[in-house]
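Undergrad:
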Amino acid sequence: MNTKGFRIILASQSPRRKQLLEWAEIPFEVMVQSTPETYPPDMAVPEVPVHIAREKAFAVKQKNESLHHAGNIIIAADTVVVLGNDIIGKPKDREEALDILGRLSGNKHQVITGVVLLKGDREIAFADITEVWFHPLTSEQIAFYVDKYKPYDKAGAYAIQEWIGVIGIKSIQGDFYNVMGLPVSRVVEQLANLLIS
């Protein structure tokens with residue numbers, strides 16, 4: 008992909024999103040601005056991560072005057088885990104992490120990543136959904152994972168590429184990398200559209 012003449016900004020500190028863009032060989036720089044990860048209470052669940060991603064993208068754009076012209080593309084993303092109709096965020100402590108994984112054990116949940124790309128006045132926004140099935144997990148397995156990997160910065164209290172994903176996930180339907188935090192092939196496709204338009 009020819010990105011010559013463009014500056015691509017990743018509005019995320021997530022090491023997983025950085026890694027995925029690096030694997031896709033997209034040249035980028037990281038620029039973040041703190042935003043509250045809040046949303047209107049009546050918002051439809053698939054719209055929530057898109058809303059939060061949009062807030063992240065616009066916060067970076069507004070803070071940096073140089074990013075307003077069309078030679079810059081900002082990429083922002085947010086990932087939520089959904090069990091039934093409940094959005095499960097990042098656990099605040101060990102007890103909550105144990106509880107979340109206990110609820111995911113033996114069940115199917117959805118991982119939804121919202122992505123927003125900004126180029127000048129143009130915006131591309133979408134949500135990508137992956138369904139994940141966990142094997143039943145023992146309380147010992149859950150405690151081992153939480154105590155060793157401390158997944159407090161992860162929606163749903165787990166990372167698919169870590170031990171719990173290797174031993175605990177029965178199957179997935181959809182983009183594996185979406186569960187890591189970025190549906191990277193779809194991002195690259197939309198980025199290519201922006202680069203030529």
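Under our numbering, the sequence shown has 63 at position 56, and the numbering climbs by one with no breaks.
Virtual Cβ for every residue (Gly too), placed ideally from N, Cα, C.
1) Tell me the start and end of each unbroken alpha helix (DSSP H) in the stretch 109-156 that is at least 4 residues and wholly inside, in chain order.
2) In three-state terms, what does DSSP make of K11?
3) Consult DSSP for E32 and reduce its assignment to one of helix, strand or coil.
4) Can you grab the Cα-Cα spacing for the pair D182 / R23, in whole Å?
5) Return the bridge partner residues of A18 from the DSSP annotation.
6) Report the rounded CA-to-CA distance for A166 versus G172, giving the unit in angstroms.
7) Is the beta carbon of A83 closer than 7 Å to that of V52?
8) Going by the DSSP bridge assignment, what does T42 pair with across the sheet?
9) Is V37 helix, strand or coil by DSSP?
10) Does the stretch 194-202 come close enough to the stretch 152-160 that 3 or more CB-CB pairs lie under 8 Å?
11) According to DSSP, is V52 part of a helix, a strand, or is it coil?
12) When the Cα of G163 is compared with those of S41, N114, Q40, E29, which residue comes out closest?
13) Report the CB separation of F133 from G175 in whole angstroms; it is logged as a contact under 8 Å.
14) Whole-angstrom Cβ separation of V87 and P56, contact assumed at under 8 Å?
15) Starting from Q197, trace the alpha helix (DSSP H) in both directions and tell me its first and last residue.
16) If I measure Cβ to Cβ from N92 and keep anything under 8 Å in the same chain, skipping five residues before and after, which residues do I get?
TA: Per the coordinate set shown:
1) 146-156
2) Position 4 of the sequence shown holds residue 11. The answer is coil: DSSP assigns K11 none of H, G, I, E or B.
3) Residue mapping note: residue 32 aligns to position 25 of the sequence shown, counting from 1. Three-state DSSP puts E32 in coil, outside helix and strand.
4) Here residue 182 corresponds to residue number 175 of the sequence shown, with the count starting at 1. Here residue 23 corresponds to residue number 16 of the sequence shown, with the count starting at 1. When rounded, the distance between both Cα atoms is 15 Å.
5) Taking the sequence shown and counting its residues from 1, the one referred to as residue 18 is at position 11. Answer by DSSP bridge pairing: none, since A18 is not bridged.
6) The residue given as residue 166 occupies position 159 in the sequence shown. The residue given as residue 172 occupies position 165 in the sequence shown. Rounded to the nearest angstrom, the two C-alpha atoms are 7 Å apart.
7) Within the sequence shown, numbered from 1, the residue matching residue 52 stands at position 45. Within the sequence shown, numbered from 1, the residue matching residue 83 stands at position 76. No, these two residues do not count as a Cβ contact at 7 Å.
8) On the sequence shown, position 35 is the one that residue 42 refers to. Answer by DSSP bridge pairing: none, since T42 is not bridged.
9) Position 30 of the sequence shown, counted from the first residue, corresponds to residue 37. Note: V37 maps to strand in three-state DSSP.
10) no
11) In the sequence shown, residue 52 corresponds to position 45, counting from 1. Residue state, collapsed to three classes: coil.
12) Residue mapping note: residue 163 aligns to position 156 of the sequence shown, counting from 1. The residue with the shortest Cα to Cα distance from G163 is N114.
13) As a working mapping, residue 133 is identified with position 126 in the sequence shown. As a working mapping, residue 175 is identified with position 168 in the sequence shown. Wrong, their Cβ atoms sit about 28 Å apart, outside the cutoff.
14) Translated into positions along the sequence shown, residue 87 becomes position 80. Translated into positions along the sequence shown, residue 56 becomes position 49. Right, the Cβ-Cβ distance comes to about 5 Å (below 8 Å), so this counts as a contact.
15) The sequence position of residue 197 within the sequence shown is 190, counting from 1. 191-202 is the span of the alpha helix (DSSP H), which, as asked, contains Q197.
16) Reading the sequence shown from its first residue, position 85 is the one you call residue 92. Here the set comprises V52.
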